[in-house]
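One structure is given here, and the rest of the page talks about it.
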Amino acid sequence: NLYLSKKIKKKFRNINLVYDSVQNPWLFFNLKSKNSFLRKNFNNIDYAFTSLKKTFPISDGNIMFTRKNIDLKNTNSEKITYKIWLKASKTKNLFILNRGKTDLEDKYLNLFKKIKKINKKHNLSMSKDSINLFKKIDFFKIAKIRKYNYLKLYDELKNNKKIKIFKLKKSNIPMFFPIFLKEIDRNIVFKKLKKIGIFCPIHWPLVKDFKKKISSSNQNLYLNEISIPIDHTINEDNLNFLLISLKQILK
3 NLYLSKKIKK KFRNINLVYD SVQNPWLFFN LKSKNSFLRK NFNNIDYAFT SLKKTFPISD
63 GNIMFTRKNI DLKNTNSEKI TYKIWLKASK TKNLFILNRG KTDLEDKYLN LFKKIKKINK
123 KHNLSMSKDS INLFKKIDFF KIAKIRKYNY LKLYDELKNN KKIKIFKLKK SNIPMFFPIF
183 LKEIDRNIVF KKLKKIGIFC PIHWPLVKDF KKKISSSNQN LYLNEISIPI DHTINEDNLN
243 FLLISLKQIL K
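Be aware that the sequence shown starts at 3, since it is given in this note's numbering, and climbs by one per residue.
And the structure:
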(Lines of atoms letter the chains of each structure in order from A and count residues from 1; the text may use other names and numbers.)
(Lines give C-alpha, C1' and ligand atoms only; values in the text may rest on other atoms or scores of the structure.)
Protein backbone atom coordinates (compact mmCIF):
# COMPACT_ATOMS: atom_id res chain seq x y z
CA ASN A 1 0.00 0.00 0.00
CA LEU A 2 1.46 3.39 -1.03
CA TYR A 3 -0.01 5.02 2.06
CA LEU A 4 1.95 2.68 4.31
CA SER A 5 5.25 3.02 2.44
CA LYS A 6 6.42 5.97 4.56
CA LYS A 7 5.89 4.01 7.80
CA ILE A 8 7.60 0.91 6.40
CA LYS A 9 10.63 2.89 5.21
CA LYS A 10 10.90 4.63 8.57
CA LYS A 11 10.95 1.33 10.43
CA PHE A 12 13.13 -0.62 7.94
CA ARG A 13 15.55 1.94 6.49
CA ASN A 14 17.86 -0.46 4.65
CA ILE A 15 15.27 -2.35 2.59
CA ASN A 16 14.27 -1.87 -1.03
CA LEU A 17 10.54 -1.33 -1.25
CA VAL A 18 8.86 -2.90 -4.32
CA TYR A 19 5.30 -1.89 -5.22
CA ASP A 20 3.24 -4.27 -7.36
CA SER A 21 0.76 -2.21 -9.37
CA VAL A 22 0.01 -4.79 -12.07
CA GLN A 23 -3.76 -4.40 -11.65
CA ASN A 24 -3.62 -0.59 -11.48
CA PRO A 25 -1.63 0.94 -14.37
CA TRP A 26 -3.37 4.28 -13.79
CA LEU A 27 -1.03 4.84 -10.88
CA PHE A 28 1.74 5.48 -13.42
CA PHE A 29 -0.08 8.22 -15.32
CA ASN A 30 -0.38 11.87 -14.39
CA LEU A 31 -3.79 12.66 -15.89
CA LYS A 32 -3.74 16.26 -14.65
CA SER A 33 -1.06 17.35 -17.11
CA LYS A 34 -0.36 16.13 -20.64
CA ASN A 35 3.09 17.75 -20.51
CA SER A 36 4.15 15.46 -17.68
CA PHE A 37 2.23 12.36 -18.71
CA LEU A 38 4.11 9.57 -16.93
CA ARG A 39 4.45 9.82 -13.19
CA LYS A 40 8.07 10.46 -12.23
CA ASN A 41 8.02 9.99 -8.48
CA PHE A 42 6.82 7.31 -6.08
CA ASN A 43 7.55 8.61 -2.60
CA ASN A 44 9.45 6.05 -0.49
CA ILE A 45 9.14 3.38 -3.21
CA ASP A 46 12.36 2.00 -4.77
CA TYR A 47 10.74 -0.06 -7.53
CA ALA A 48 7.22 -0.08 -8.95
CA PHE A 49 5.83 -1.92 -11.97
CA THR A 50 2.63 -2.46 -13.89
CA SER A 51 1.32 -4.43 -16.85
CA LEU A 52 -0.24 -2.54 -19.77
CA LYS A 53 -1.89 -5.47 -21.57
CA LYS A 54 -4.26 -6.16 -18.66
CA THR A 55 -6.04 -2.84 -19.17
CA PHE A 56 -5.21 -1.52 -22.64
CA PRO A 57 -5.58 -3.05 -26.13
CA ILE A 58 -1.91 -3.92 -26.67
CA SER A 59 -0.15 -7.28 -26.88
CA ASP A 60 2.77 -6.77 -24.51
CA GLY A 61 4.75 -4.28 -22.47
CA ASN A 62 5.15 -3.09 -18.91
CA ILE A 63 6.18 0.11 -17.17
CA MET A 64 8.70 0.10 -14.36
CA PHE A 65 9.75 2.87 -11.99
CA THR A 66 13.20 2.59 -10.43
CA ARG A 67 15.61 4.83 -8.55
CA LYS A 68 18.59 2.86 -9.88
CA ASN A 69 19.86 2.09 -13.37
CA ILE A 70 19.07 -1.44 -14.56
CA ASP A 71 20.93 -3.26 -17.34
CA LEU A 72 18.36 -4.34 -19.94
CA LYS A 73 20.82 -5.23 -22.71
CA ASN A 74 19.69 -8.85 -22.86
CA THR A 75 16.11 -8.02 -23.76
CA ASN A 76 14.84 -8.59 -27.28
CA SER A 77 11.55 -8.12 -29.08
CA GLU A 78 9.73 -10.81 -31.05
CA LYS A 79 6.96 -9.89 -33.49
CA ILE A 80 5.57 -13.44 -33.28
CA THR A 81 3.86 -12.66 -29.95
CA TYR A 82 2.04 -9.70 -31.49
CA LYS A 83 0.67 -11.84 -34.33
CA ILE A 84 -0.57 -14.50 -31.91
CA TRP A 85 -2.11 -11.83 -29.68
CA LEU A 86 -3.92 -10.30 -32.67
CA LYS A 87 -5.40 -13.68 -33.58
CA ALA A 88 -6.35 -14.38 -29.96
CA SER A 89 -8.04 -10.97 -29.59
CA LYS A 90 -10.09 -11.43 -32.77
CA THR A 91 -11.17 -14.90 -31.63
CA LYS A 92 -12.12 -13.55 -28.20
CA ASN A 93 -14.20 -10.83 -29.87
CA LEU A 94 -16.05 -13.48 -31.89
CA PHE A 95 -16.61 -15.46 -28.69
CA ILE A 96 -18.25 -12.41 -27.07
CA LEU A 97 -20.37 -11.63 -30.15
CA ASN A 98 -21.53 -15.26 -30.28
CA ARG A 99 -22.68 -15.11 -26.64
CA GLY A 100 -20.07 -17.46 -25.24
CA LYS A 101 -19.58 -20.23 -27.80
CA THR A 102 -17.40 -22.77 -25.95
CA ASP A 103 -15.12 -23.82 -28.83
CA LEU A 104 -14.16 -20.18 -29.49
CA GLU A 105 -13.36 -19.69 -25.82
CA ASP A 106 -10.99 -22.67 -25.85
CA LYS A 107 -9.29 -21.35 -28.99
CA TYR A 108 -8.53 -17.85 -27.69
CA LEU A 109 -7.48 -19.13 -24.24
CA ASN A 110 -5.01 -21.56 -25.83
CA LEU A 111 -3.56 -18.75 -27.94
CA PHE A 112 -3.00 -16.59 -24.87
CA LYS A 113 -1.36 -19.57 -23.13
CA LYS A 114 1.01 -19.85 -26.09
CA ILE A 115 2.05 -16.22 -25.63
CA LYS A 116 2.64 -16.84 -21.94
CA LYS A 117 4.98 -19.75 -22.73
CA ILE A 118 7.01 -17.60 -25.15
CA ASN A 119 7.32 -14.82 -22.57
CA LYS A 120 8.60 -17.30 -19.98
CA LYS A 121 11.37 -18.53 -22.30
CA HIS A 122 12.63 -15.11 -23.40
CA ASN A 123 13.39 -11.80 -21.76
CA LEU A 124 11.38 -9.71 -24.20
CA SER A 125 11.25 -5.95 -24.50
CA MET A 126 8.07 -4.20 -25.60
CA SER A 127 7.46 -4.90 -29.29
CA LYS A 128 7.43 -2.07 -31.84
CA ASP A 129 3.81 -2.90 -32.68
CA SER A 130 2.77 -2.42 -29.06
CA ILE A 131 4.80 0.80 -28.74
CA ASN A 132 3.02 2.21 -31.80
CA LEU A 133 -0.39 1.21 -30.37
CA PHE A 134 0.56 2.65 -26.97
CA LYS A 135 1.34 6.04 -28.54
CA LYS A 136 -2.11 6.16 -30.13
CA ILE A 137 -4.08 5.47 -26.94
CA ASP A 138 -6.00 8.46 -25.55
CA PHE A 139 -5.58 7.72 -21.84
CA PHE A 140 -7.45 10.88 -20.81
CA LYS A 141 -10.50 9.83 -22.83
CA ILE A 142 -10.40 6.25 -21.50
CA ALA A 143 -10.21 7.51 -17.90
CA LYS A 144 -13.17 9.84 -18.50
CA ILE A 145 -15.35 7.04 -19.96
CA ARG A 146 -14.51 4.65 -17.10
CA LYS A 147 -15.48 7.28 -14.53
CA TYR A 148 -18.71 8.11 -16.36
CA ASN A 149 -19.73 4.45 -16.60
CA TYR A 150 -19.00 3.88 -12.91
CA LEU A 151 -20.95 6.93 -11.76
CA LYS A 152 -23.96 6.06 -13.91
CA LEU A 153 -24.13 2.51 -12.51
CA TYR A 154 -23.77 3.90 -9.00
CA ASP A 155 -26.60 6.41 -9.43
CA GLU A 156 -28.93 3.77 -10.87
CA LEU A 157 -28.18 1.06 -8.29
CA LYS A 158 -27.46 2.96 -5.07
CA ASN A 159 -30.96 2.38 -3.65
CA ASN A 160 -31.01 -1.37 -4.27
CA LYS A 161 -31.06 -3.00 -0.83
CA LYS A 162 -29.96 -6.42 -2.12
CA ILE A 163 -26.46 -5.16 -2.93
CA LYS A 164 -23.71 -2.98 -1.52
CA ILE A 165 -21.78 -0.56 -3.74
CA PHE A 166 -19.27 2.23 -3.13
CA LYS A 167 -18.93 5.85 -4.13
CA LEU A 168 -16.02 6.64 -6.42
CA LYS A 169 -13.29 8.93 -5.10
CA LYS A 170 -12.54 11.82 -7.44
CA SER A 171 -8.87 10.86 -7.80
CA ASN A 172 -9.58 7.19 -8.69
CA ILE A 173 -9.82 5.63 -12.15
CA PRO A 174 -11.97 2.48 -11.70
CA MET A 175 -11.06 -0.87 -13.23
CA PHE A 176 -14.52 -2.39 -12.64
CA PHE A 177 -17.76 -1.64 -10.83
CA PRO A 178 -17.68 -3.90 -7.73
CA ILE A 179 -20.99 -5.17 -6.40
CA PHE A 180 -21.29 -7.06 -3.10
CA LEU A 181 -24.28 -9.37 -3.26
CA LYS A 182 -26.37 -9.83 -0.11
CA GLU A 183 -29.21 -12.15 -1.10
CA ILE A 184 -28.19 -13.90 -4.32
CA ASP A 185 -25.35 -16.30 -5.15
CA ARG A 186 -22.50 -14.72 -7.10
CA ASN A 187 -22.18 -17.69 -9.46
CA ILE A 188 -25.85 -17.40 -10.42
CA VAL A 189 -25.41 -13.71 -11.33
CA PHE A 190 -22.18 -14.52 -13.16
CA LYS A 191 -23.83 -17.24 -15.29
CA LYS A 192 -26.94 -15.19 -16.07
CA LEU A 193 -24.83 -12.27 -17.26
CA LYS A 194 -22.64 -14.57 -19.34
CA LYS A 195 -25.71 -15.98 -21.12
CA ILE A 196 -26.59 -12.52 -22.42
CA GLY A 197 -23.03 -11.66 -23.46
CA ILE A 198 -21.82 -9.78 -20.36
CA PHE A 199 -18.57 -11.34 -19.20
CA CYS A 200 -17.33 -10.55 -15.69
CA PRO A 201 -13.77 -11.51 -14.67
CA ILE A 202 -13.26 -14.71 -12.69
CA HIS A 203 -11.37 -13.99 -9.47
CA TRP A 204 -8.72 -16.18 -7.90
CA PRO A 205 -10.20 -18.77 -5.48
CA LEU A 206 -9.85 -18.19 -1.76
CA VAL A 207 -7.04 -20.62 -0.84
CA LYS A 208 -7.09 -22.41 2.54
CA ASP A 209 -3.88 -20.84 3.93
CA PHE A 210 -5.08 -17.32 3.18
CA LYS A 211 -8.62 -18.08 4.35
CA LYS A 212 -7.33 -18.84 7.85
CA LYS A 213 -5.70 -15.40 8.09
CA ILE A 214 -8.73 -13.24 7.34
CA SER A 215 -11.93 -12.63 9.30
CA SER A 216 -15.25 -14.24 8.39
CA SER A 217 -16.66 -10.84 7.34
CA ASN A 218 -13.77 -10.34 4.92
CA GLN A 219 -14.29 -13.88 3.61
CA ASN A 220 -17.93 -13.02 2.89
CA LEU A 221 -16.89 -9.92 0.98
CA TYR A 222 -14.42 -11.96 -1.05
CA LEU A 223 -16.92 -14.70 -1.86
CA ASN A 224 -19.85 -12.41 -2.68
CA GLU A 225 -18.25 -9.70 -4.83
CA ILE A 226 -18.71 -9.53 -8.59
CA SER A 227 -16.81 -7.10 -10.84
CA ILE A 228 -18.94 -5.51 -13.57
CA PRO A 229 -17.01 -4.36 -16.69
CA ILE A 230 -17.05 -0.58 -17.28
CA ASP A 231 -14.17 -0.13 -19.75
CA HIS A 232 -14.00 2.45 -22.55
CA THR A 233 -15.48 0.07 -25.18
CA ILE A 234 -18.84 0.18 -23.37
CA ASN A 235 -21.05 2.84 -24.96
CA GLU A 236 -24.33 4.35 -23.74
CA ASP A 237 -26.48 1.60 -25.32
CA ASN A 238 -24.28 -1.13 -23.80
CA LEU A 239 -24.50 0.56 -20.41
CA ASN A 240 -28.30 0.80 -20.54
CA PHE A 241 -28.54 -2.87 -21.56
CA LEU A 242 -26.23 -3.78 -18.67
CA LEU A 243 -28.34 -1.79 -16.20
CA ILE A 244 -31.65 -3.31 -17.37
CA SER A 245 -30.14 -6.81 -17.16
CA LEU A 246 -28.68 -6.26 -13.69
CA LYS A 247 -31.92 -4.84 -12.30
CA GLN A 248 -33.82 -7.83 -13.70
CA ILE A 249 -31.39 -10.36 -12.21
CA LEU A 250 -31.28 -8.60 -8.83
CA LYS A 251 -35.08 -8.47 -8.41
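Quick reminder that beta carbons are idealized off the backbone N, C-alpha and C, glycines included. On a predicted model such as this, the values are computed, not experimentally measured, just so you know.
Pick out whichever of S7, E107, D131 and S23 has its Cα sitting closest to the Cα of Y177. In the sequence under discussion, the amino acid at residue 177 is Met, which differs from the Tyr named in the question. If we check each option's Cα against that of M177, S23 comes out closest.
Do Y156 and K137 have their CB atoms nearer than 8 Å? Y156 places its beta carbon 8 Å or farther from that of K137.
Start and end residues, alpha helix (DSSP H) containing K155: Just to set this straight, residue 155 is Leu in the shown sequence, not Lys. Taken as a continuous stretch (DSSP letters only), the alpha helix (DSSP H) holding L155 covers F141 to L159.
Could you compute how far the alpha carbon of K2 sits from the alpha carbon of I86? Here the chain has residues from 3 to 253 only, and residue 2 is not among them.
In chain order, what residues of the same chain lie with their CB nearer than 6 Å to the CB of S132, ignoring the 5 residues before and after it? Cβ neighbours of S132 beyond the five flanking positions: I60, S61, D62 and G63.
Status (buried if at least 16 other CB within 10 Å, exposed otherwise) for V191: Residue environment for V191: buried (at least 16 other C-beta atoms within 10 angstroms of its C-beta).
Separation of F97 from D105, as counted between CA atoms: Rounded to the nearest angstrom, the gap between the Cα atoms of D105 and F97 is 8 Å.
Report, in whole angstroms, the separation of the C-beta atoms of L183 and I165, which I expect to be a contact under 8 Å. L183 to I165, Cβ: 6 Å. Contact.
Alpha carbon to alpha carbon, how far is Q221 from K210? Give it in angstroms, no decimals. Each residue's Cα considered, the two are about 11 Å apart.
Since R148 and I200 should fall inside the 8 Å C-beta cutoff, what is the C-beta to C-beta distance between them, to a whole number of angstroms? Between I200 and R148 the Cβ distance is about 17 Å, and since that is not below 8 Å, they are no contact.
Can you give the Cα-Cα distance for K8 and N45, rounded to whole angstroms? Our two residues, K8 and N45, have alpha carbons roughly 8 Å apart in a direct line.
Does T57 come out as helix, strand or coil in the three-state DSSP assignment? For T57, the secondary structure class from DSSP, reduced to helix, strand or coil, is coil.
Continuous alpha helix (DSSP H) stretch holding E107: start and end: That run of the alpha helix (DSSP H) goes T104 to K123.
Between which residues of its own chain and P27 is the CB-CB distance below 8 Å, once the five residues before and five after are set aside? Listed in chain order, the non-local C-beta contacts of P27 below 8 Å within the same chain comprise T52, S53, L54, K56, T57, F58 and I65, local neighbours out to five positions each way being set aside.
For L208 versus L223, is the C-beta distance shorter than 8 Å? Contact flag unset, no.
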